[in-house]
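Okay, structure first, notes after.
Numbering (the working numbering), first residue to last: 394 to 665.
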């Protein structure tokens, strides 16, 4: 076979791979469980199931429990996979400490209408925030928690609206940076439609931020999380989870998160 034929075949194969990745990238970034489940199905009680309307006419499912008097409320923005029904332990942890909780199902997830996209998820997060404010939750008592994919959405929200504090678990500077660690041999900058520039957002956020990252995270490598931390304004805190992979929600990390929120949302002195 002539070298020209070999090169042409290789070029065609590469172009085919590029085209496939471009066409299928949403399925790589978003892995929703579209099934709608009730809190009772996952062992939760005293949870209000609410329906949120977005400006672009999607209907979102969310679970809500109000805070006890004077306690903060957590707006939780989950990662790429599953739905809020896969995270009942997290919900119960917050509620058992008297925190209010709003767990949001993005569009296309857990019974919410629509299809996920970067702009769509940003719109959804803002709709959830606006609902809390309309429910008379003071912005200074709203703590936003982002998990994995949701860290970029959380940072984007925090850059646009007043909140009390921000916690990010397995964060990233951008989805472009994450994609380059896996698809270094592809022209990622030209292909990606949902870059989610968390770094640009975090520069515009002026409140306290806590970041967690596992030192064995192979999905969002640690250096990408550290880059985001370096871009953040003070006050900021970075917690390295030794031996932690991508899923770092444990009683220890949760306890640290609660101390952070209590300190910055008015319940603990600054030196604790």
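Where is the CB? At the ideal position from N, CA and C, for every residue including glycine.
Fair warning: this is a prediction, and the values are worked out from it, not measured in the lab.
For this session: Flag this pair as yes or no: are the beta carbons of residue 500 and residue 491 separated by less than 8 Å?
Result: no
Problem set entry | Same chain only: Cβ atoms within 8 Å of residue 508, ignoring 5 sequence neighbours per side | 419, 500, 501
Exercise. In or out: residue 397 buried (at least 16 other Cβ within 10 Å) or exposed?
Worked result: exposed
For this session: Taking only the alpha-carbon atoms, compute the straight-line gap between residue 661 and residue 603 and give it to the nearest angstrom.
Result: Note that residue 661 has pLDDT 44, beneath the 50 cutoff, so the model's placement of it is unreliable and no number is given.
Exercise. In three-state DSSP terms, what is residue 511?
Worked result: helix
For this session: Using the DSSP secondary-structure output, state which residues sit across from residue 424 in a beta bridge.
Result: 474
For this session: Answer yes or no: do residue 570 and residue 618 have a C-beta to C-beta separation smaller than 8 Å?
Result: no
Exercise. Who pairs with residue 559 in a beta bridge, going by DSSP?
Worked result: 537, 602
Exercise. Among 470, 547, 459, 541, which residue has its Cα nearest to the Cα of residue 422?
Worked result: 541
Problem set entry | Straight-line Cα distance separating residue 408 from residue 481 | 43 Å
Exercise. For residue 434, which residues of its own chain have a beta-carbon under 8 Å away from its beta-carbon, when the five flanking residues on both sides are left out?
Worked result: 478
Exercise. Do the CB positions of residue 633 and residue 592 come within less than 8 Å of each other?
Worked result: no
Exercise. Do you know how far the Cα of residue 493 is from the Cα of residue 428?
Worked result: 25 Å
Problem set entry | Same chain only: Cβ atoms within 6 Å of residue 431, ignoring 5 sequence neighbours per side | none
Problem set entry | For residue 631: DSSP bridge partner residues | 604
For this session: Consult DSSP for residue 469 and reduce its assignment to one of helix, strand or coil.
Result: strand
Exercise. Per DSSP, residue 444 is paired with what?
Worked result: 454
Exercise. What separation, rounded to the nearest whole angstrom, lies between the Cα atoms of residue 559 and residue 453?
Worked result: 22 Å
Exercise. How far does the beta strand (DSSP E) with residue 496 in it reach, from first residue to last?
Worked result: 493 to 497
Problem set entry | For residue 538 and residue 551, believed in contact at Cβ under 8 Å, the rounded distance | No, residue 551 and residue 538 are not in contact; Cβ-Cβ is about 11 Å, not under 8 Å.
Problem set entry | DSSP state of residue 399 mapped onto helix, strand, coil | helix
For this session: Classify residue 645 as buried or exposed, calling it buried when 16 or more other Cβ atoms lie within 10 Å of its own Cβ.
Result: exposed
Problem set entry | CB contact flag (residue 521, residue 437, <8 Å) | no
For this session: For residue 458, count neighbouring Cβ atoms within 10 angstroms of its own Cβ and tell me buried if that reaches 16, exposed if not.
Result: buried
Problem set entry | Whole-angstrom distance between residue 448 and residue 636, CA atom to CA atom | 42 Å
Exercise. With residue 549 and residue 532 assumed to form a contact (beta carbons below 8 Å), what rounded beta-carbon distance in angstroms separates them?
Worked result: The Cβ separation is near 16 Å, so there is no contact.
For this session: Provide the residue span of the alpha helix (DSSP H) that contains residue 649, from first to last.
Result: 644 to 657
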